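Those letters in the sequence shown? Residues 551 to 876, per our numbering, in order.
Virtual Cβ for every residue (Gly too), placed ideally from N, Cα, C.
Predicted model, so just to flag it, every value in this text is computed and none were measured.
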Amino acid sequence: MFRTKITMKTNLIIATLNRHNNLKCCLNSISKLNQSFDEIIIVEQGDIAKTKTVIAEFNNLNISLYFHSVKSLAQARNFGIEKSSGNLVFFIDDDVELIEKNYINIALNYFNSHPKVMGLTGNIAKDMQIFNRSWRLKFYDWFFLLNGRSFNISASGFYQNNWGKVSQQSCQWLPGCNMAYRRQVFEQGFRFNERFIRWSSGEDIMFSHQIYQFYGKNSLMYLPQFCLHHFEEKGNSINEINELKMQIIYGFIFWQELIYQKSTFNAMCYLHSQIGLLLLSLYPKRLKSKPYAFKTLLKSYYFLLKNHKKIINNQINYNQFILDND
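As C-alpha cells, then:
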C-alpha cells in the first residue's frame with residue numbers, strides 16, 4: 551500500500567441521472583479500494599428516493615447526496631464543485647468500476663511529487679468490441695478527423711486520445727469519466743459550461759482544455775496506472791440522435807471559443823473534419839448500425855449554418871433543437 555508524504559483531503563464527485571444499478575456497481579468498487587475518499591459527493595438529477603436506497607447499502611463510505619433539478623451533467627458537476635472542500639477533487643461517471651485498488655494513492659503520490667500538475671487522468675479500459683475498427687476506418691479517422699495517437703486537440707477542434715499507452719504523457723484535455731484536479735483550478739474560477747444540458751457532450755473537453763491553455767504544457771497529465779473500467783451501454787436511437795446533435799453544436803461552441811482564434815487555417819481544418827464526419831456516417835458498417843446519422847448531421851449542419859452567429863452570441867435556444875426529435 552502506498553504512503554503519502556503530505557496529507558491531502560480528497561473529494562469524489564459523481565453526477566448521475568436515474569442509473570441506480572450502475573451507481574450501485576460503481577460504489578461497490580469504490581468500497582473495495584485500499585483507501586477511502588474523504589467525501590463522496592453524489593448529485594442526482596432524477597429519482598433521489600431510489601438513490602437514497604442505493605447509498606444506504608454503503609455505510610462504510612462517507613457519502614453526501616444532493617438533488618439538482620436541471621438535467622445537465624455540466625451543471626451537476628458544477629454543483630458538486632461548490633459543495634466540495636478537498637485539496638483534490640476527483641470526477642468519475644456513474645457507469646465506471648475502479649479496478650485499481652490503489653486508485654486514490656496513485657493520484658495522491660503523483661500530485662505530491664509533481665506540484666505543477668493541475669489535472670490527472672489515466673487509462674480507461676472499455677469493452678474491446680466497441681472499438682474493433684478496421685484499418686480503413688482508422689485511416690479515415692486519421693485523415694478526415696485529424697485524429698493522431700496523442701491527447702491533443704487538433705485545429706479542427708476534434709480531440710485525440712491514446713488509451714492503453716504504457717507511459718505517462720502530457721495532455722491537452724482530460725476525459726470526464728476519469729479525472730482529478732487540484733482545488734486551485736476551481737479557485738481560479740474554472741467551471742463546466744452550464745449551457746450544455748443532459749449528458750453535456752464535450753463538457754469535459756472544453757473544461758480541461760481551458761485549464762491547459764491557462765497553465766500550459768504538462769499541467770494536465772496521463773498516468774496509465776491511474777485506471778478504471780468504463781461500461782458503455784448501447785443507447786436508444788433517440789438518445790443517440792440527441793447526442794449527435796450535441797456533438798455538432800457543442801463541438802462548434804468549443805471550437806469557436808477556444809480553437810478558432812480567427813485563423814483561416816483553423817477554419818479550413820474545421821470544415822475538412824466536418825465533411826469527413828459526414829462521409830464517415832456513410833461508411834457501410836456505421837450506416838447499418840446508425841442509419842439516422844447522415845440525416846441528423848445534415849439537419850445539424852443546416853441549423854448551424856443558419857444560426858451560427860446567434861449560437862456564438864448565445865441568442866438562440868439551440869438546446870431546443872438538440873432535444874427536438876421531429
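*DSSP state of N728, grouped into three classes?*
Along the sequence shown, one-based indexing puts residue 728 at 178. Collapsing the DSSP output to three states places N728 in a strand.
_My assumption, with CB atoms under 8 Å, is that M771 sits in contact with C721. Please give the rounded CB distance._
In the sequence shown, counting from the first residue as 1, residue 771 sits at position 221. In the sequence shown, counting from the first residue as 1, residue 721 sits at position 171. With a beta-carbon spacing of about 6 Å, M771 and C721 fall inside the 8 Å limit used to define contacts.
*Status (buried if at least 16 other CB within 10 Å, exposed otherwise) for Y820*: Residue mapping note: residue 820 aligns to position 270 of the sequence shown, counting from 1. Buried, since its Cβ has 16 or more Cβ neighbours within 10 Å.
*Delimiting residues of the alpha helix (DSSP H) encompassing G826*: For the purposes of this step, residue 826 is identified with residue 276 of the sequence shown, where counting begins at 1. Where G826 is concerned, the enclosing alpha helix (DSSP H) starts and stops at T814 to L830.
*Mark F742 as exposed unless 16 or more other C-beta atoms lie within 10 angstroms of its C-beta, in which case mark it buried.*
Reading the sequence shown from its first residue, position 192 is the one you call residue 742. It is buried - the Cβ of F742 has at least 16 other Cβ atoms within 10 Å.
*Proximity to K651 [Cα-Cα], best of I798, Q775 and F844*: Here residue 651 corresponds to residue number 101 of the sequence shown, with the count starting at 1. For the residues I798, Q775 and F844, the minimum Cα distance to K651 belongs to Q775.
*asked:* Let me confirm a value: L848 is counted as buried when at least 16 other C-beta atoms fall within 10 Å, else exposed. Which label applies?
replied: Locating residue 848 in the sequence shown gives position 298, where the first residue counts as 1. The residue is exposed, with fewer than 16 neighbouring Cβ atoms inside 10 Å.
_Just to confirm, is the Cβ distance from G630 to V593 under 7 Å?_
Indexing the sequence shown from 1 puts residue 630 at position 80. Indexing the sequence shown from 1 puts residue 593 at position 43. Yes, these two residues count as a Cβ contact at 7 Å.
_DSSP has T671 in a bridge; who is on the other side?_
Here residue 671 is taken as the residue at index 121 of the sequence shown, counted from 1. Looking at the DSSP assignment, T671 forms a beta bridge with Y772.
*Nonlocal neighbours in the same chain, by C-beta distance under 8 Å from L854, ignoring five residues either side*: Within the sequence shown, numbered from 1, the residue matching residue 854 stands at position 304. Only I798, I799, F802 and I861 meet the Cβ criterion.
*Is it the case that the Cβ atoms of S823 and F689 are separated by a distance below 7 Å?*
Translated into the one-based positions of the sequence shown, residue 823 becomes position 273. Translated into the one-based positions of the sequence shown, residue 689 becomes position 139. Here S823 is not near F689, since their CB atoms are 7 Å or more apart.
_Nearest-angstrom Cα separation, counted from A730 out to F608_ = Position 58 of the sequence shown holds residue 608. Position 180 of the sequence shown holds residue 730. In this structure, the CA atom of F608 is about 23 Å from the CA atom of A730.
*According to the Cβ coordinates, are S758 and L724 closer than 7 Å?*
For the purposes of this step, residue 758 is identified with residue 208 of the sequence shown, where counting begins at 1. For the purposes of this step, residue 724 is identified with residue 174 of the sequence shown, where counting begins at 1. Yes, they are a contact pair.
_CA nearest to the CA of I791, picked from N711, Y852 and N875_ = The sequence position of residue 791 within the sequence shown is 241, counting from 1. Residue nearest to I791 within the set N711, Y852 and N875 is N875 (criterion: CA-CA distance).
*Looking only at C-alpha atoms, which of S839, K812, S831 and E807 sits nearest to N863?*
By one-based count along the sequence shown, residue 863 stands at place 313. It is E807 whose Cα lies nearest to the Cα of N863.
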